[in-house]
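Reviewing the structure listed below.
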Amino acid sequence: MLVFGILFAFLGNRLFRLVMFLTGFVYLGLGVLLLCIRIHPPGTSVGHIIGYLVTSGVFGLIGGALFAAIWWLGLAGVGSLGGLAIAAVILSFKNGALITNPIGRGFFIAGMIVLAIVLIFVLEKWIVILSTAFFGSLATFIGLDCFFKTGFRFILYLVVTAKADKLLYETNGKVYGMIGGMLGLIIIACVVQYMVYKEPIGIREYNLDWVPGRKRKAQEKILTEPEMQA
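Heads up, the sequence shown is in the working numbering, so the first residue is 1 and it goes up one at a time.
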């Protein structure tokens, strides 16, 4: 979780193909795993657990390949992870979630995801940086909390379930410290990605053939550069 989070936070814009692959792996692999568990809980059967992990891993690889090969699908996936992470951060500021109504919380999370997906197709580079910085920082501190055990990691419970359990996710000084550290890491990650990895800009090098006008503009730029140098 720590390596996964740091890679997203600091190298999201530079290693965007890899990030798209990991996004697809997470979505399809985790989705299949949760579906298998819901259909038939593995219990204590080692065979079932191994089978579920292998199945989810195979589907995760398929999802990763699809997200890496189809740029708009990968881009939408990265944006949705960013929207999900931002929603999780906002919800984390209160015991049992800032929005306690399950329906309201569901609409809020869905709205943040849709907004991030729309914006990432408009602003590309900026939302890529924000999405990877937010999600990477969130994943990093969830990983850290597996060692520190402040309870911050249960923020995931607020996002993936319909319940707002004050006993499970309780805000206190330690949790707010984790939130503060995460926000600090988000700022640092955004600055690093923008200042150090200015190229490539978003996913423009991947989508020239898809977006009308961009391929032509890129070709014009290539043709005019030798003339300017001459």
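The beta carbon of each residue, even a glycine, is placed where N, CA and C say it ideally should be.
Residue i versus residue j - alpha carbon distance
i      : j      : result
Gly51  : Leu22  : 21 Å
Tyr176 : Val196 : 30 Å
Leu98  : Ile62  : 36 Å
Leu158 : Ile70  : 31 Å
Gly57  : Ile6   : 22 Å
Phe67  : Trp126 : 20 Å
Phe10  : Arg38  : 35 Å
Val128 : Gly74  : 11 Å
Ile90  : Lys149 : 20 Å
Simplified DSSP state of residue i, which is helix, strand or coil
i      : result
Phe59  : helix
Ala9   : helix
Met195 : helix
Ser92  : coil
Leu98  : coil
Met178 : helix
Leu53  : helix
Leu75  : helix
Tyr233 : Past the boundaries of the shown model lies residue 233; the chain is included only from 1 to 230, so the question cannot be answered.
Met1   : coil
Gly104 : helix
Gly111 : helix
Buried versus exposed call for residue i [16 or more other C-beta atoms within 10 Å across all chains shown]
i      : result
Ala110 : exposed
Val114 : exposed
Asn101 : exposed
Asn13  : buried
Val54  : exposed
Arg105 : buried
Gly29  : buried
Val32  : buried
Gly184 : exposed
Gly173 : exposed
Leu144 : buried
Cys146 : exposed
Val19  : buried
Val240 : Any question about residue 240 goes unanswered here, given that the chain covers just 1 to 230.
Phe107 : exposed
Range of the contiguous alpha helix (DSSP H) that encloses residue i
i      : result
Thr140 : Lys125 to Phe148
Val239 : For residue 239 there is no data in the structure shown, the boundaries of the chain being 1 and 230.
Asn17  : Reading off the sequence, residue 17 comes out as Arg, not Asn. First-last of the alpha helix (DSSP H) with Arg17: Phe16 to Gly24.
Ile70  : Per DSSP, Ile70 belongs to no alpha helix (DSSP H) and is neither H nor E.
Tyr157 : Ile155 to Val160
* **Cβ contact check for the stretch 115-126 and the stretch 75-85: 3 or more pairs under 8 Å** => yes
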